[in-house]
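To start, the structure under review is shown below, and the notes come after it.
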Amino acid sequence: MNVVVVESPAKAKTINKYLGSDYKVLASFGHVRDLPAKDGSVRPDEDFEMSWQVDTASNKRLKEISEAVKKSDGLILATDPDREGEAISWHVLQVLSKKRGVLGDKPVKRVVFNAITKRAVLDAMANPRDIDASLVDAYLARRALDYLVGFNLSPVLWRKLPGARSAGRVQSVALRLVCDRESEIERFVSEEYWQIVAHLQTPRNEGFEARLVSADGKKLQKMSVTNADDANRLKTMLDGAAFVAESVEAKPTKRNPAPPFTTSTLQQAASSKLGFNASRTMQVAQRLYEGIDIGGETVGLITYMRTDGVQMAGEAIDAARQAIGEQFGDRYRPEKPRFYATKAKNAQEAHEAIRPTDFSRTPDQMKRFLDSDQLRLYDLVWKRAIASQMASAEIERTTVEISAVNGDSRAGLRATGSVIRFDGFIAAYTDQKEDAAPADDDDDKRLPRIDAKDQLEREKIDASQHFTEPPPRYSEASLIKKMEELGIGRPSTYAATLATLRDREYVTIDKRKLIPEAKGRLVTAFLENFFERYVEYDFTAALEEKLDKISAGDLAWKDVLKDFWTEFLTHIEKTKELRVSNVLDALNEELAPLVFPEREDGSNPRICPKCGTGNLSLKLSRYGAFVGCSNYPDCGYTRQLGANAADAEASGSDEPAELGNDPHTGEPITLRTGRFGPYVQRGEGKDAKRSSLPKGWKPEDIDHEKALALLSLPRDVGMHPETGKMISAGLGRYGPFVHSDGVYANLESIEDVFSVGLNRAVTLIAEKKANGGGRRAKAAALKELGDHPDGGAITVRDGRYGPYVNWGKINATLPKDMKPDAVTTEQALELIAAKAAKGGGKATTRKKAPAKRKKPAAKTES
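Using UniProt numbering, the first residue of the sequence shown is number 1, and each one after it goes up by one.
Right under this line is the structure:
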């Protein structure tokens, strides 16, 4: 019996069915080792030696693999066919090689397959190879670089820019793209322009539109007509003009299909067409790749989804061409197969493009075996792959040049349109071929029949005002496309990079657009001013190119690390002398539109609106950055830093908005804005009752009634029927809740705080208590992550607010997208450091007793 190691249980289950009883397929559950997030895990002074750590969960899996290998005839490493897959196999082999009596002289083979089908797996088993040392070196170089950048740069941020959580080699450059676009939008100055369109009719009474392209002997561009006077003058001239079709030119053209999907183009298409984010796309694709049960047979439906190659294997092209003939007809199959080459920078094209494993499995046939997400993504992959081998679409583009004459005045207009003469590959995307339309020519309308010298009738002339618009914010799809164009990162890492930016609260997503948070812009501005080289696009792309050369065996990985580390360490050392005042001065200038938004009255936005003499500036606290007055403490003006800074200033942290009086106490109720955002207050002074506005509530929507409701919290719901203790509903740090006798249960929305009844509250508290809520001894660890660099164990636990990492007295809640069993030591350390920076407790680690002072030696007299 041979032991086969793969990454996931789903993949193991599928492959086990193909190989039979002579093989035992086990899952490693991804990487089995990682670099501990502590000083010394990568040691540049020791020729970049690296220390690896196996966590508790991986230890159990490695033990299971070891026991199986002891009893086997050999080991087959069948992890994914990319750099990460090669690294997982290398790690497993490294661990097993150090265990006595496990491997011995048993044969070890490495096999790869691009699709999980019986044929692909059996072919791979028949053609084993050794572990690719160059791919492993590339992995080691990337892992070491990411560690050295993150572990050395993040602490600089914590010290010089409180509230910032981390920086990374690719993460920070992706964030810069988002922030640079936001700066472009802020600097953008809109310009006015006018478009003039004539609605005309042919002699056969068929209507169409033509656009003004010349007047008075001059060509007109988009921005040529910039005011209403010129637009109205031209409109008046056209209102009295005679129109003649001077020429009609019809040009046949062809549109070729796009290549099959790569990782990044699949993520872009799934975002724009299905609304999937990159992480969701990769999760669904992983399931389609690893295997779906279709009528009792488990089979992978698509090829490996982490690839930048655009070419399909020869047998796949033949299968696609056969399917085209059967499903669309011979005319839709070109005479020769199509071959593609990627235009992406640094693409390796080591693997096939993403395609169906069997083109005869159409989306309609697979519908009953797939859930909604799987079907929609499979439909995208199938159509794109089969269309890539279909005939070109034949399109006739028609251009009509029209003259307009009014006395001595002449103008030229142009009408354009297109007609599909043969739909070709477009048929793959449409259910009815005759309805097929050009995918990228939505502005080209089909023209009626127009002959040269036709006299055209005027219906009306439209002159419409327009304004230029700023560049659009990035979506996940457009950001991935830009990163690929620049050669930043690799397609397999884009989903993780974007998830990190969201988890760190550096960006938010609104209507599928990426908006940088104030925290993200501060980090980017800091890095651009003090670590500019390491967020440069060209530098990052050049480093990526070197890493790809390591994969190809053209560069030594330690040489690349040495070149990088020498210069990077110098930058790190320079920051030790950097004063916070220098940082703030630089950020004030870099982020001026964000920090000092223009005021409606035109006054100087850098002068304090409260005292009128102080200068506003960024200030730093352990909670992050805010805007404050230089006359502090005499002037206590503060304002939250963020996208709505102008609104916050308008609503008036210096001039509270009066909402009325409390009906019981007579105290005034006001709406204010402070360094941590808008809030309502009852009364004045230190004892005044305050309540922050809950998430989703805007200052402009707050009235007397809502303010009273907030200030009335917590609200008594009623006595618990079993304990006799009061149940209250309130709004806390982690959102709305109900609480009784030490047990807190979350509510879905702030509205529930005001409406939840006794029965519902009792049920929620009972459910929370059943799941371990309430006052109790510290929960048992879900996962042990080893020791903190400063001593003391780091663990993952479950608490009343969900899972968290614990070190001493510091408890850091896990982000929503982070699963407890997937937390790494490095991630835990970042969470702990961020919580500590916010004042989240002090670690209770055991300290060494101070050494006893030696008694001074007795003086001797000579």
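For every residue, glycine included, the Cβ atom is placed at its ideal position computed from N, Cα and C.
Just so we're clear, the structure is a prediction, and the values are computed from it rather than from any experiment.
- In the DSSP assignment, phenylalanine 359 falls outside any beta strand (DSSP E), carrying neither H nor E.
- In this structure, leucine 75 places its C-beta atom within 8 angstroms of the C-beta atom of leucine 103.
- Rounded to whole angstroms, proline 593 and serine 224 show a C-alpha spacing of 30 angstroms.
- Alanine 124 and phenylalanine 113 have their C-alpha atoms spaced approximately 6 angstroms apart.
- Cβ contact annotation for glutamate 7 (same chain, cutoff 8 angstroms, sequence separation greater than five): Ala27, Ser28, Phe29, Gly30, Thr79, Asp80, Gly85 and Ile88, in chain order.
- If you look at isoleucine 607, you'll find it isn't in any beta strand (DSSP E); DSSP assigns it neither H nor E.
- Counting only the Cα atoms, serine 154 lies some 14 angstroms from alanine 828.
- A straight line joining the alpha-carbon of leucine 711 with that of alanine 822 spans about 40 angstroms.
- Annotation: the stretch 680-766 contains the following complete segments of the alpha helix (DSSP H) (minimum length 4 residues), in chain order: 704-711 and 750-755.
- Under the three-state reduction of DSSP, isoleucine 116 is assigned to coil, being neither helix nor strand.
- With respect to the 8 angstroms criterion, valine 523 and isoleucine 515 are not classified as neighbours on the basis of their beta carbons.
- Beta-bridge pairing by DSSP links proline 668 to Asn661.
- Glutamine 465 is bridged by DSSP to Trp194.
- Around the beta carbon of phenylalanine 243, a 10 Å sphere encloses 16 or more other beta carbons of the protein chains shown; the residue is thus reported as buried.
- Contact check between the stretch 231-243 and the stretch 401-417: three or more CB pairs, one atom from each, fall below 8 angstroms, which counts as touching.
- A direct Cα-Cα distance of roughly 21 angstroms separates serine 183 from glutamate 192.
- The shortest C-alpha to C-alpha distance from isoleucine 832 to any of Pro820, Met818, Lys819 and Ile810 is the one to Ile810.
- For asparagine 588, DSSP assigns no beta-bridge partner whatsoever.
- Taking 8 angstroms as the upper bound for CB-CB distance, alanine 215 and alanine 415 are not in contact here, some 17 angstroms apart.
- In the structure shown, threonine 79 falls within a coil segment according to DSSP collapsed to helix, strand and coil.
- Inclusion of leucine 145 and phenylalanine 564 in the CB contact set at 8 angstroms is warranted, their separation being smaller than that value.
- Proximity to asparagine 661 across Ala707, Gly40 and Leu380 peaks at Ala707, based on C-alpha coordinates.
- The C-beta distance from isoleucine 302 to tyrosine 378 rounds to 7 angstroms, short enough to meet the 8 angstroms contact threshold.
- Contact between valine 5 and valine 92 holds: their C-beta atoms lie close to 6 angstroms from each other, under 8 angstroms.
- Contact annotation, serine 172 with leucine 527: C-beta distance approximately 6 angstroms; criterion of less than 8 angstroms satisfied.
- Under the three-state reduction of DSSP output, lysine 218 falls in the strand class.
- Taking a cut-off of 8 angstroms on C-beta distances, the stretch 280-287 touches the stretch 250-268, as three or more cross pairs fall below it.
- Annotation note: the stretch 532-557 contains no uninterrupted beta strand (DSSP E) run of length 3 or greater.
- DSSP places aspartate 230 in the helix class (H, G or I) of the three-state scheme.
- Listed as beta-bridge partners of glutamine 640 by DSSP are Phe626.
- Residue burial annotation: histidine 664 is exposed, with fewer than 16 other C-beta atoms found within 10 angstroms of its C-beta.
- Beta-carbon to beta-carbon, glycine 300 and threonine 117 are separated by about 6 angstroms, close enough to satisfy the 8 angstroms threshold.
- Put simply, the backbone Cα of glycine 553 is about 36 angstroms away from that of lysine 819.
- Where leucine 514 is concerned, the enclosing beta strand (DSSP E) starts and stops at 513-516.
- Sequence-distant partners of tyrosine 340 (beyond 5 residues in either direction) whose C-beta falls short of 6 angstroms from its own C-beta, in its chain, are Pro259, Val310 and Gln311.
- Residue environment analysis places threonine 723 among the exposed positions, since fewer than 16 neighbouring C-beta atoms fall within 10 angstroms of its C-beta.
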